[in-house]
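Here the structure is laid out as structure tokens; the discussion comes afterwards.
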Amino acid sequence: MPAATREEAGGPKVKPATTPPDDHPASTLEGIGEEIRTMAASMATKADLLVLTTTIQDALRDLMAGIRTEHSQAAQTARLATTDTALTRQGDLLLKLRRSVEDLDNCGRRCNIRVRGMPEIEGEEDLFRLILPEDTQLDIRPQRAPRRRRGRSPPGPAQRHRNPQGVQEE
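In terms of UniProt numbering, the sequence shown is numbered consecutively and its last residue is 170.
Below is the structure:
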């Protein structure tokens with residue numbers, strides 16, 4: 001601010017100093033040298049700086065390793081999601097394939113001959129030995145016999161089918 005403005009504002013007038021301040025007399029040149037030596041002694045040495053740089057480098061290595069770990073975990077999570085989706089899709093396809101095979105198996109059984117009135121025998125081999133002639137000495141082991149899945153019929157005479165027209169068979 002200009003001096004005229006300061007006086008108008010009522011502020012104190014400052015007189016320029018002609019003598020050095022009391023706390024730093026002109027003969028304290030050796031005091032200033034002592035201050036410089038104290039400051040130089042309190043400064044970090046080369047060994048301190050090396051320790052500090054190695055500490056910073058170690059911290060940076062740890063941070064970079066953490067970032068790499070997070071990046072690899074994110075990649076593994078994405079890979080796991082795609083694998084999980086593929087596994088679910090394969091399970092669905094396997095179920096469809098099983099149903100298709102079962103349908104084909106059932107279609108193959110539709111042309112089979114059903115013999116009514118033949119007693120049910122325990123074991124598949126006994127059924128085939130009953131149907132085949134006794135004089136053959138072949139050791140036939142069928143994989144399975146196409147039979148309807150139902151419970152055993154009650155003991156007693158076999159049930160007869162009803163004729164839809166009401167005509168009795170002779």
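All C-beta atoms, glycine included, are put in the ideal place defined by N, C-alpha and C.
Where Thr45 sits in the DSSP three-state scheme:
coil
Quick one: grab the DSSP three-state call for Thr85.
helix
Simplified DSSP state of Arg116, which is helix, strand or coil
coil
Pull up the distance between the alpha-carbon of Asp58 and that of Leu52, whole angstroms please.
10 angstroms
From the DSSP output, in three-state form, read off Thr28 for me.
coil
Would you report the Cα separation of Gly49 and Glu34, rounded to the nearest angstrom?
With the sequence shown as reference, residue 49 is identified as Leu, and Gly is not the correct amino acid for it. In a straight line, the C-alpha of Leu49 is about 24 angstroms away from that of Glu34.
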